[in-house]
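Structure first, then comments.
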Amino acid sequence: MFYVPWLTSAAKTLSAFLFVLYVVVPVLVKTNPWIFSKILFLHFLKFPYFVDLKRPDKRGIKGCKNFYIKVNEKVTLGAWQTLPADLLEGDSSQLNSGHPIILYLHGRAGTRAQPHRIELYKVLSSMNFHVIAIDYRGFGDSSGTPTEEGVLEDTYRTYKWIRDRSDKVPLYIWGHSLGSA
4 MFYVPWLTSA
14 AKTLSAFLFV
24 LYVVVPVLVK
34 TNPWIFSKIL
44 FLHFLKFPYF
54 VDLKRPDKRG
64 IKGCKNFYIK
74 VNEKVTLGAW
84 QTLPADLLEG
94 DSSQLNSGHP
104 IILYLHGRAG
114 TRAQPHRIEL
124 YKVLSSMNFH
134 VIAIDYRGFG
144 DSSGTPTEEG
154 VLEDTYRTYK
164 WIRDRSDKVP
174 LYIWGHSLGS
184 A
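One point on numbering: in this note's numbering, the residue at position 160 of the sequence shown is 163, and numbering is uninterrupted.
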């Protein structure tokens, strides 16, 4: 049998890596639940950075306005409403305009202002949909800290907010990644 020093060193390094990955990390996650929450939601990654979420027009979205939905005493959600292409100006009262509505629920990490999300809003708007996009609690400019129950409550309250303003209009929920759970 041959003794190969670099192979022995590589085996030790691999063993140490696997020990950390399969023993140390699970123990840390189990004993510190906040770590799991950070890994699950990645809400601390607020990219794109330095974006003024109050000004969706600065992101190149026509007919889009920023507003807030109060979920409860401690949580307020940041949201954008993008109008259908054939409505030039308007507000939430125009949700009852007869155009179908899409409630867009984004995935983990980032905000409603990520470039690929903005492109989707534009496409949906060009197809004459109202688009309501929210940041869950703890994401973007929404207050609070994300939890599984909190994401569900945020979604339900937003759905109810839309339905209170558009009782007979078709409403579709478009969930991506975390938003589809």
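Cβ coordinates follow ideal geometry from the N, Cα and C atoms, glycine included.
In the DSSP assignment, find the alpha helix (DSSP H) that holds residue 68 and state where it starts and stops. No alpha helix (DSSP H) holds residue 68; the beta strand (DSSP E) holding it covers 67-73.
If I measure Cβ to Cβ from residue 124 and keep anything under 8 angstroms in the same chain, skipping five residues before and after, which residues do I get? 64, 67, 83, 85, 107, 134, 136
Enclosing alpha helix (DSSP H) for residue 31 [first to last residue]: 28-34
Any idea what DSSP makes of residue 114, helix, strand or coil? coil
Nearest to residue 1 by CA position, among 98, 122, 143, is which residue? The structure shown has nothing for residue 1, since the chain only spans 4 to 184.
For residue 72, collect the residues of the same chain with a Cβ closer than 8 angstroms to its Cβ; drop the 5 residues on either side in sequence, then sort them by chain order. 79, 80, 82, 137, 160, 161, 164
I need the boundaries of the beta strand (DSSP E) containing residue 182, first residue and last residue. First-last for residue 182: undefined, no H or E at that position.
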